[in-house]
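Working notes for the structure below.
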Amino acid sequence: MSRIAIRGPSVLTTLVLLAGCAAELPDTEPVREVRWLAQNWSPEERFWFHYAAQGTASVLVPYDWFLALEQPRLWGFGEPKLFADPDYLTRYGFIPGATSVEEEVGAGSAERRYGNAAAYDATRFPGNPDGLPVGFARTPASRNPMSDQDQLGFTCAACHTGQLEYNGVSLRIDGGPAVTNLGRFEENLILALLYTRYVPFRFDRFAERALGPDHDDKAYDELKREFGAYVSQVEGLAKGSKGREKALMSAGGAPKVEEGFARLDALNRIGNQLFVIDMLGAEGLDFDVFDNWVAVDAPVSFPQIWTTSWFTWVQYDASVEQPMVRNVGEAMGVAAQVNVGHPGPSLYRSSVQVREIAAMERLLAGAVPPTQARRFTGLNSPKWPEDLLGQIDPARRERGAALYAQYCAGCHLPPPTEPGFWDDAHWTGPTASGERFLKLEEIPLAEIGTDPAQAMILGRRPIKVPEYLNVDLTSRCNDPSDEIVTETPFAFALASVVGHTIDAWYDAHQVPPAERERLDGERPNCVKASEVYKARPLNGVWATPPFLHNASVPTLWDLLSPVAERPTEFCTGTHGFDPKKVGYETTCRDGDFHLDTRLAGNRNTGHEFRDGPRKEGVIGPALSTEQRWDLIEYLKGL
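Residue numbers for the sequence shown follow the UniProt record's numbering, so the first one is 1 and each next one is one higher.
In structure tokens form, the structure reads like this:
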């Protein structure tokens, strides 16, 4: 069935504006082998973690629409290529997906079955039949009270699965930092929507894929109406947010900081999602929701998440205590659907899949507390693959161990392989179920000297909320209050809204108090905004470039060097690994992201070994060339 697409006097102008607007992407390098490193997960556990839904709708459009969209370019001859094409999505940094466990681990894999995690409900797991990338998950409409269409969103694995490439081998690392560029993905996805609406014949092809070849006129007209209304909404949001962001950047007089590959301003994005996008059209507001909009100007590296379940405080700024609040808050930040705009019985109703989120946390943590097992029983940090990246020099490693004890262990603790790591002094007292948590060093900004932007968000960003959201300050650790507020620092607005959303899910599913406590990890919804950065254990640090919280230092060699010797500018986007300096290669290619560390938010200062007074980010004396190589050799083996 052929139809006339949208026409009018603006079509030619639209085509001219759209042509060439798609964000440039780097080409991917071919690999001869894919290797998932052994990290104490069975293939079945890993496959479930990669594709199980948390209830998010972060890919902007319903599941079936995404599969039907074409890439944002004008086609001359030949078959148009789809946005969901695996090769195309790989160029954004996503890891190619698998449709089955066997496909993911490779035929004939002899990988050991560990089975350490709590059981999950396989009947609620649809798998990945369409072969979407790692971290893409389908939320069926039957499990989503907020929508009558299946949604497509990101799960933990989208941002916390790493990949390094060396000598034609792609090393895949569960819990490692992703090298994705979500900003370019969003820009090009919006552009694909605009192409579909305005380019002649494009919508007809989209409808053919979305509805099937035998669809009738009624279905076509309904899809056209829904799609047009949706794109108009996206255009309105884009116009409002970009206008607000442009005004903010103009007022600040600073160049715009971009996230790029391997980085995301997760906290500010969560705030924009919850307190602007989710509140558009809210009832009875006496303020403009765009008052809550801020520029995304504090990007951070996607942190590694092995051992994180056992930290007393999580996030780079040591701000969140309860794992359920952390994980549900992140799911809401990547567009889990939640009603914060309309008071009444459905307030705080959401698409969040709390049981799946709790099972993911248990899979990461392991079934046995580490202080009982004297090891981590969930997701382990990856081991340096000597057969590929080179053998660790024993003599250098021994010398490096002494340097680590002298200069690093005071903040980062002894490594988990040493008995001192398990000393009672480093762990809290037990919870009711016997679990204990690792106490980490929290270092003030003035002392560590690294870029302050991320650590200042939760305490300095003000948020306005309507009274009906019942936002209070009970999550304020040192001075809790149940007084309802309509303006508060971001930390407490976030904790309160996320806490209410979790409670609404518990109430709707009639979860008894004891089970709520268990699902919450026996920890309170307590947040703080202390303007510090925490120092975490360095097990597996070799697999987590780029370094510092904002990914402003490309290699361990650069991190151990004085700031004056660190690269001022370099590119991200490649997966190519440098096993000598330990980090990503920094050669710039077409489509890579150019990171300028002179911009606020991108600073590569602090955590510096340099002769002179121990202040303003200088944490130790200058290390000789040989000392740096020795310390790097030791860090490879953690």
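Backbone N, C-alpha and C fix where the C-beta goes; we use that ideal spot for every residue, glycine too. Because the structure is a prediction, the values reported are computed rather than measured.
Where residue i sits in the DSSP three-state scheme
i	result
residue 630	helix
residue 185	helix
residue 572	strand
residue 95	coil
residue 598	coil
residue 24	coil
residue 582	coil
residue 564	helix
residue 496	helix
residue 394	helix
residue 299	coil
residue 110	Summary for residue 110: the model assigns pLDDT 40, below 50, so the residue's position carries little reliability, and this model does not support an answer.
residue 457	helix
residue 589	coil
residue 154	strand
residue 422	helix
residue 534	strand
residue 481	strand
residue 224	helix
residue 316	coil
residue 203	helix
Alpha carbon of residue i to alpha carbon of residue j, nearest angstrom
i	j	result
residue 299	residue 316	12 Å
residue 55	residue 327	12 Å
residue 640	residue 429	Residue 640 falls outside the range modelled here, since the chain spans only 1 to 638, and no answer is possible.
residue 166	residue 574	11 Å
residue 543	residue 421	21 Å
residue 560	residue 181	27 Å
residue 601	residue 550	8 Å
residue 350	residue 501	7 Å
residue 226	residue 308	42 Å
residue 139	residue 125	9 Å
residue 431	residue 237	45 Å
residue 219	residue 211	8 Å
residue 511	residue 268	32 Å
residue 343	residue 281	12 Å
residue 380	residue 353	25 Å
residue 340	residue 69	30 Å
residue 200	residue 334	32 Å
residue 336	residue 585	35 Å
residue 232	residue 32	44 Å
residue 116	residue 101	Because the pLDDT of residue 116 is 45, which lies under 50, any placement of that residue in the model is unreliable, and the question is left without a value.
residue 8	residue 22	Bear in mind that the predicted position of residue 8 carries a pLDDT of just 33, short of 50, making it unreliable; the figure below should be weighed with that in mind. Roughly 23 Å separates the two Cα atoms.
residue 599	residue 449	15 Å
Status (buried if at least 16 other CB within 10 Å, exposed otherwise) for residue i
i	result
residue 50	buried
residue 151	buried
residue 112	With a pLDDT of only 39 at residue 112, under the threshold of 50, the placement of this residue in the model should not be trusted; the figure read from the coordinates follows. By the 10 Å Cβ count, residue 112 comes out exposed.
residue 172	buried
residue 481	exposed
residue 275	buried
residue 615	exposed
residue 496	buried
residue 137	buried
residue 39	buried
residue 144	buried
residue 108	Residue confidence is low: residue 108 scores 41 on pLDDT, short of 50, so the model does not pin down where it sits. Its coordinate-derived value is still stated next. Label assigned to residue 108: exposed.
residue 528	buried
Beta-carbon contacts of residue i that lie in its chain and below 6 Å, excluding the five residues immediately before and after
i	result
residue 652	Past the edges of the chain, shown from 1 to 638, lies residue 652, and the structure says nothing about it.
residue 643	Absent from the model: residue 643. The displayed extent of the chain is 1 to 638, so no value can be given.
residue 640	The displayed coordinates of the chain run from 1 to 638. Any statement about residue 640 would go beyond what the structure contains.
residue 155	54, 135 and 137
residue 376	307 and 370
residue 611	621 and 622
is_contact[residue i, chain C] using C-beta, thresh 8 Å
i	result
residue 269	Judged by its chain identifiers, the structure shown contains no chain C, having just a single protein chain.
Contacts around residue i, its chain only, beta-carbon distance under 8 Å, and the 5 residues preceding and following it disregarded
i	result
residue 161	50, 95, 134, 135, 172, 173, 174, 175, 176 and 178
residue 61	69, 152, 189, 193 and 230
residue 630	396, 397, 399, 400 and 403
Cutoff 7 Å; reference residue i; Cβ partners in own chain excluding five residues on either side
i	result
residue 499	325, 475 and 525
residue 555	545, 578, 581, 582 and 583
residue 371	422, 427 and 436
residue 457	267, 268, 298 and 490
residue 414	420 and 421
residue 483	472 and 473
Review point. Is it true that the stretch 187–201 meets the stretch 94–101, where meeting means three or more beta-carbon pairs spaced less than 8 Å apart?
Key: Here the stretch 187–201 makes no contact with the stretch 94–101; the two share fewer than three CB pairs at distances below 8 Å.
Point to revise | Stretch-stretch touch, CB-based, cutoff 8 Å, three pairs: the stretch 438–447 with the stretch 518–536 | key: Contact between the stretch 438–447 and the stretch 518–536 is present, because at least three Cβ pairs lie under 8 Å.
Exercise for review: Could you tell me whether the stretch 446–464 touches the stretch 272–292, using the rule of 3 or more Cβ pairs below 8 Å?
Suggested key: At 8 Å Cβ cutoff, the stretches touch.
**Study point:** the stretch 624–635 contacting the stretch 396–409, beta-carbon criterion three pairs below 8 Å
**Key:** Flag = yes, the stretch 624–635 and the stretch 396–409 touch.
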